[in-house]
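Read the sequence shown against the numbering used here and you will find it ends at 108, with the numbers running on by one and no gaps.
No residue lacks a Cβ here, since even glycine has one placed at the ideal position from N, Cα and C.
Predicted model only: the values in this text are computed from it and were never measured.
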Amino acid sequence: MPHTILATDQTETPDDQILGKDWAGEYQLLCATYGSTEVVLQVRSHRTATWNDAKLNGQDAKLTEAGHLLDVKLMRDYEYRLTTKTAGAEVVIAKHDVYG
């Protein structure tokens, strides 16, 4: 079942919704609504406070339009969030398939 991880009035995933160790596994991120700047997936180790842009196949992991879908593998011992410079995007996450 899809879960909203970034709402249209937010510029980053709220602290209480940051994806941590309980989220390890394969997921899909779907940009359901897009009215902002690009939405970037960020990652950090549990041992540091610094967020870094995540990479998928050597490219920045980002959503740039409505309907854009990212397949991601979230790793244990890391935290993940979404961030954008301007609010206006809604992104949902689901285990394996956002449509299922």
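Please name the residue or residues paired with residue i in a DSSP beta bridge.
i: Ala102; result: Gln36
i: Tyr88; result: Leu27 and Val51
i: Asn65; result: None; Asn65 has no bridge partner.
i: His11; result: Ile101
i: Asp79; result: Gln36
Taking just the CA atoms, how far does residue j sit from residue i?
i: Gln50; j: Gln18; result: 15 Å
i: Val106; j: Leu77; result: 9 Å
i: Lys29; j: Asp85; result: 6 Å
i: Leu82; j: Asn65; result: 14 Å
i: Pro10; j: Leu27; result: 14 Å
i: Thr92; j: Glu46; result: 6 Å
i: Lys103; j: Gln25; result: 16 Å
i: Thr58; j: Glu34; result: 23 Å
i: Leu71; j: Thr94; result: 13 Å
i: Gln36; j: Asp23; result: 20 Å
Indicate whether residue i and residue j have their beta-carbon atoms separated by less than 7 Å.
i: Gly96; j: Ser53; result: no
i: Glu87; j: Ala15; result: no
i: Val80; j: Leu38; result: no
Tell me which residues share the same chain as residue i and place their Cβ nearer than 7 Å to its Cβ, disregarding the 5 neighbours each side in the sequence.
i: Thr21; result: Ile13, Leu14, Arg89 and Leu90
i: Ala32; result: Leu82, Met83 and Arg84
Could you name the residues of the same chain whose beta carbon sits closer than 8 Å to that of residue i, not counting the 5 residues immediately before and after it, in chain order?
i: Ala69; result: Val48, Leu49, Asp61, Ala62, Lys63, Leu78 and Val80
i: Pro73; result: Here residue 73 is Glu; the residue named in the question, Pro, does not match the sequence. For Glu73, where only same-chain residues beyond five positions count, the Cβ hits under 8 Å are Cys39 and Tyr42.
In chain order, what residues of the same chain have a beta carbon less than 6 Å from the beta carbon of residue i, not counting five sequence neighbours either side?
i: Thr56; result: none
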